[in-house]
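According to the numbering used here, the sequence shown holds residues 518 to 753 in order. Taking it in order: structure first as structure tokens, then the write-up.
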Amino acid sequence: MKYVSLSLILSICLSPSFSAEPNDLHSAVKPVPRSGGWMKRHDSFNQRVAKGKVDLVLIGDSITHGWEGSGKNVWEKFYGKRNAVNLGIGGDRTQHVIWRLDNGNVKGISPKAAVVMIGTNNSGNNSPEEIADGLAAITKQLREKLPKTKVLLLGIFPRGTNKDDGRRQVNEKSNAIFKKLADGKDVHYLDIGDKFLESDGTLTRKIMPDLLHLSVEGYTIWAESIEPTLKKLMGE
Numbered sequence: 518m519k520y521v522s523l524s525l526i527l528s529i530c531l532s533p534s535f536s537a538e539p540n541d542l543h544s545a546v547k548p549v550p551r552s553g554g555w556m557k558r559h560d561s562f563n564q565r566v567a568k569g570k571v572d573l574v575l576i577g578d579s580i581t582h583g584w585e586g587s588g589k590n591v592w593e594k595f596y597g598k599r600n601a602v603n604l605g606i607g608g609d610r611t612q613h614v615i616w617r618l619d620n621g622n623v624k625g626i627s628p629k630a631a632v633v634m635i636g637t638n639n640s641g642n643n644s645p646e647e648i649a650d651g652l653a654a655i656t657k658q659l660r661e662k663l664p665k666t667k668v669l670l671l672g673i674f675p676r677g678t679n680k681d682d683g684r685r686q687v688n689e690k691s692n693a694i695f696k697k698l699a700d701g702k703d704v705h706y707l708d709i710g711d712k713f714l715e716s717d718g719t720l721t722r723k724i725m726p727d728l729l730h731l732s733v734e735g736y737t738i739w740a741e742s743i744e745p746t747l748k749k750l751m752g753e
């Protein structure tokens, strides 16, 4: 597999002429939809944003989707009065988010902030560099489609029992690359991964029952950890 330097990745992905759809690009940046219930949920997002009054969006996979499950009460406490919309779909990878953003999920809105946490589902098939490419493409889309919105990229959360977990290592390496997308003005980066871990780096089932998805305690940690930054980005 041939890779280019991060500086070249960023110059390509963040340039006005970049397209997320060239046929010679790898899977993490090739926009593709899914089927079945996925499309139904995607369509429901489009219907919601069409109604307007959206000040905050959270974009991601099943971990973000879970704000409607284990995280429901935490969501209500932190985001219930903020005109927030959950744009998370279980099983999504970066390429699915790219497709969704190109097909209506943020059409016609101008939220104050967009929180992005995506990539863990790519870690079994894509390299850290490829996952970072996916985040670069998503960041470019958000900057183009939502020019007044502050983007908060979250480091991909830890997974697996401890630091020896292979997919956790992929995520950490990816984080180290795509954090450089932050410019401190329109795009910001925050890694709250350590907040979920014990002092020795282990992940307990109290926080992530299956060592991937969050419990109520996990969602509380997420919300509390990003709140100071989110308030600033939303001008509160």
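Yeah, the Cβ is synthetic: ideal placement off N, Cα and C, and Gly gets one too.
A direct Cα-Cα distance of roughly 8 Å separates ILE626 from ALA567. Non-local beta-carbon contacts of LEU670 in its own chain, meaning distances under 6 Å to residues more than five positions away in sequence, involve VAL633, TYR706 in chain order.
Of the other Cβ atoms in all chains shown, fewer than 16 fall within 10 Å of the Cβ of ARG722; this residue is therefore exposed. Under the DSSP definition of a beta bridge, ALA631 partners with VAL574, VAL668.
Three or more Cβ pairs closer than 8 Å define a contact, and the region 724-741 falls short of that threshold against the region 656-670. ASN639 and ARG610 do touch by the CB rule: their CB atoms are close to 5 Å apart, below 8 Å. ALA601 is bridged by DSSP to LEU573.
DSSP, read as helix, strand or coil, puts VAL704 in strand.
For GLY710, the number of other beta carbons within 10 angstroms of its own is at least 16, and it is reported as buried.
In this chain, the alpha helix (DSSP H) harbouring PHE562 covers 554-567. In the structure shown, the three-state DSSP call for LEU542 is coil. When DSSP reads this structure, LEU720 sits in a beta bridge with LEU714.
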